[in-house]
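Its first residue numbered 1, the sequence shown is counted upward by one per residue in the UniProt record's numbering.
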Amino acid sequence: MSAAQPLGQPGKPCPGPAPIDRWELLSLVTALRKPLGLADRDVMVLRAHLSVLPHGPLVPGALNMSFMQLSEIQDRACGMDERRFRRGEVQLEARGLITRRLSANGRRFPERGADGRIIAAYGIDLSPVIARHPELCALKATLEDEARALKQRHNSLSARLSSLLRCLTPSDRLLALKDALRNALRRSTVTEEELDAFETEIASMERSDPAPEHTTEVDPTPRKLRPQPDTYTDDAGQSVRHIESEHKDINKHPAPAYSGHFRNAWCQTTSLSEFYPSPPSSEHEAKRSIIEFSSFIGLGRNSVEAALSIAGLENTIRLVDYLARKVDQISKPQGYLKSMLARLLRGDSVAGGSVHLSRPAHVQALS
Numbered sequence: 001m002s003a004a005q006p007l008g009q010p011g012k013p014c015p016g017p018a019p020i021d022r023w024e025l026l027s028l029v030t031a032l033r034k035p036l037g038l039a040d041r042d043v044m045v046l047r048a049h050l051s052v053l054p055h056g057p058l059v060p061g062a063l064n065m066s067f068m069q070l071s072e073i074q075d076r077a078c079g080m081d082e083r084r085f086r087r088g089e090v091q092l093e094a095r096g097l098i099t100r101r102l103s104a105n106g107r108r109f110p111e112r113g114a115d116g117r118i119i120a121a122y123g124i125d126l127s128p129v130i131a132r133h134p135e136l137c138a139l140k141a142t143l144e145d146e147a148r149a150l151k152q153r154h155n156s157l158s159a160r161l162s163s164l165l166r167c168l169t170p171s172d173r174l175l176a177l178k179d180a181l182r183n184a185l186r187r188s189t190v191t192e193e194e195l196d197a198f199e200t201e202i203a204s205m206e207r208s209d210p211a212p213e214h215t216t217e218v219d220p221t222p223r224k225l226r227p228q229p230d231t232y233t234d235d236a237g238q239s240v241r242h243i244e245s246e247h248k249d250i251n252k253h254p255a256p257a258y259s260g261h262f263r264n265a266w267c268q269t270t271s272l273s274e275f276y277p278s279p280p281s282s283e284h285e286a287k288r289s290i291i292e293f294s295s296f297i298g299l300g301r302n303s304v305e306a307a308l309s310i311a312g313l314e315n316t317i318r319l320v321d322y323l324a325r326k327v328d329q330i331s332k333p334q335g336y337l338k339s340m341l342a343r344l345l346r347g348d349s350v351a352g353g354s355v356h357l358s359r360p361a362h363v364q365a366l367s
């Protein structure tokens, strides 16, 4: 008698391994088929073998053998021919997901005990893939973490490059870097080495002094305006100054209300304000920044321009920021934006209730 089990107190049985749902296991292998080096054929072969096991959850350590003859199990693999089916089994065994236990003549059949119960079998043993369930779950979690970290690095590089584009005068080197980074981030096969190279190049540009660039960018405007009175020699410059002042008054009427609105909307965003800490100073700059930012989250220029024409600038800012926050959950951002615009035209609220057309669509488009 064990000291840990007093007399009259029966010990509690040790809990066995938790059962596993076969289709959850298959979905896990399907999601990891590229890291595991599997083709679609191999996944289909595994699915066929899982489908012939007894009904119910799979228990690790139990007899999880598939012994159905090839002529019958091929129908469960969409009629795959025998040669391809066998190659799929070989590949699954090479990846450590199954074990082939065939008889001397290659037949597959069960062995039964005196009571008629199956005690062993020749065929395909699925115990390896069932035993690796925790390992596969951990691998999937690791890959998801790496993908999330890579996405954050994408966003960081895009934000730093956007800051450089605002601070520095566009040069051939800067524009080439912008195009190269945009093309690289659109590829699913971009490597850490490539991102390291981009980060080194951006850091090199960030170390340059942007102050002189700002001066040369702003100064040409007043210099270009000063010579204009000389073109009106018979006016002595008087009426020209009057015309300039009148144009400024006309332009200022709509500017404060409209500019303030879209700047406030910009400051209330999460992703946009993180990438562009300083709100745009003009409507043109805001539209340019939105189109540029949208390319990083899978939105095309045409989709953004459609949103601007339907929802207006302020609402488009909110829509794009909403899509950026949900980018990990949305597989087709352009289709999602199109559906939100359709709902707006019907008078519904979208983007968590933050966007609603208070005016008819044709009036909203004119703003």
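Glycine included, every Cβ here is placed at the ideal spot set by N, Cα and C.
Practice problem: Grab me the residues of L139's own chain with a C-beta within less than 7 Å of its C-beta, minus the 5 sequence neighbours each way, in chain order. | Solution: L32, P35
Exercise. Report the rounded CA-to-CA distance for K287 versus L319, giving the unit in angstroms.
Key: 13 Å
Practice problem: Assign S23 to buried or exposed, taking buried as 16 or more other Cβ atoms, counted over all protein chains shown, within 10 Å of its Cβ. | Solution: Before going on, a small fix: residue 23 reads as Trp here, not Ser. So W23 ends up on the exposed side.
Quiz item: Taking C-alpha atoms, which residue in E192, L150, S204, E144 lies nearest to L168?
Solution: S204
Exercise. Measuring alpha carbon to alpha carbon, tell me which of D42, L92, D125 ends up nearest M68.
Key: D125
Quiz item: Are I290 and I317 close, meaning C-beta to C-beta below 8 Å?
Solution: yes
Self-check item: Residues near A265 in its chain [Cβ-Cβ closer than 7 Å; skip 5 each side]
Solution: E314, I317, R318
Exercise. Figure out for me which residue from V59, T30, M44 has the closest Cα to the Cα of P19.
Key: V59
Quiz item: Leaving out the 5 sequence neighbours to the left and right, which residues in its chain are closer than 7 Å to I119 when beta-carbon positions are compared?
Solution: E111, R112, G113
Self-check item: contact_flag[the region 146–166, the region 90–99] where n(CB pairs < 8 Å) is 3 or more
Solution: no
Quiz item: Does DSSP classify M205 as helix, strand or coil?
Solution: helix
Quiz prompt | Euclidean distance between Cα positions of S354 and A149 | solution = 29 Å
Quiz prompt | Neighbour-count burial assignment, P282, 16 or more Cβ in a 10 Å radius | solution = Residue identity differs from the one stated: residue 282 is Ser in this sequence, not Pro. S282 comes out exposed.
Quiz item: Can you tell me whether T269 is buried or exposed, with buried defined as 16 or more other CB within 10 angstroms of its CB?
Solution: buried
Exercise. Using beta-carbon positions only, say whether L38 and Q91 come within less than 8 Å of one another.
Key: yes
Quiz prompt | Delimiting residues of the alpha helix (DSSP H) encompassing G88 | solution = 82–94
Quiz prompt | 6 Å CB neighbourhood of F296 in its chain, flanking five on each side removed | solution = S158
Self-check item: Y322: first and last residue of the uninterrupted alpha helix (DSSP H) it sits in
Solution: 301–325
Quiz item: Is L177 closer than 8 Å to L161 when the C-beta atoms are compared?
Solution: yes
Quiz item: Skipping 5 residues on each side, what residues in its chain have a beta carbon closer than 8 Å to that of V43?
Solution: L26, V29, T30, R33
Quiz prompt | Cut-off 6 Å between Cβ atoms - residues of its own chain near Y322, not counting five sequence neighbours on either side | solution = A351
Exercise. For S349, count neighbouring Cβ atoms within 10 angstroms of its own Cβ and tell me buried if that reaches 16, exposed if not.
Key: exposed
Quiz prompt | For T191 and G335, the rounded distance between their alpha carbons | solution = 28 Å
Quiz item: So who's on the other strand from V355, going by DSSP bridges?
Solution: V350
Quiz item: Can you pull the DSSP bridge partners for F109?
Solution: Y122
Practice problem: Give me the Cα-Cα distance between R47 and A77, rounded to the nearest whole angstrom. | Solution: 8 Å
Practice problem: Look at the alpha carbon of R84 and the alpha carbon of H49, and state the distance between them as a whole number of angstroms. | Solution: 15 Å
Quiz item: How big is the Cα-Cα spacing for S303 and S278?
Solution: 25 Å
Exercise. Using only alpha-carbon positions, find the residue among Y276, M340, S208, D21 that is nearest to L174.
Key: S208
Quiz prompt | R173 - containing alpha helix (DSSP H), residue span | solution = 172–186
Quiz item: What are the boundary residues of the alpha helix (DSSP H) that R148 is part of?
Solution: 133–167
Practice problem: Tell me whether R132 is buried or exposed, calling it buried when 16 or more other Cβ atoms sit within 10 Å of its Cβ. | Solution: buried
Self-check item: Cβ shell of S66 (< 6 Å), same chain only, five flanking positions each side left out
Solution: H49, V52, G123, I124
Quiz item: Is R117 helix, strand or coil when you go by DSSP?
Solution: coil
Self-check item: Endpoints, the alpha helix (DSSP H) within which R76 is located
Solution: Neither: R76 is in no alpha helix (DSSP H) and is coded neither H nor E.
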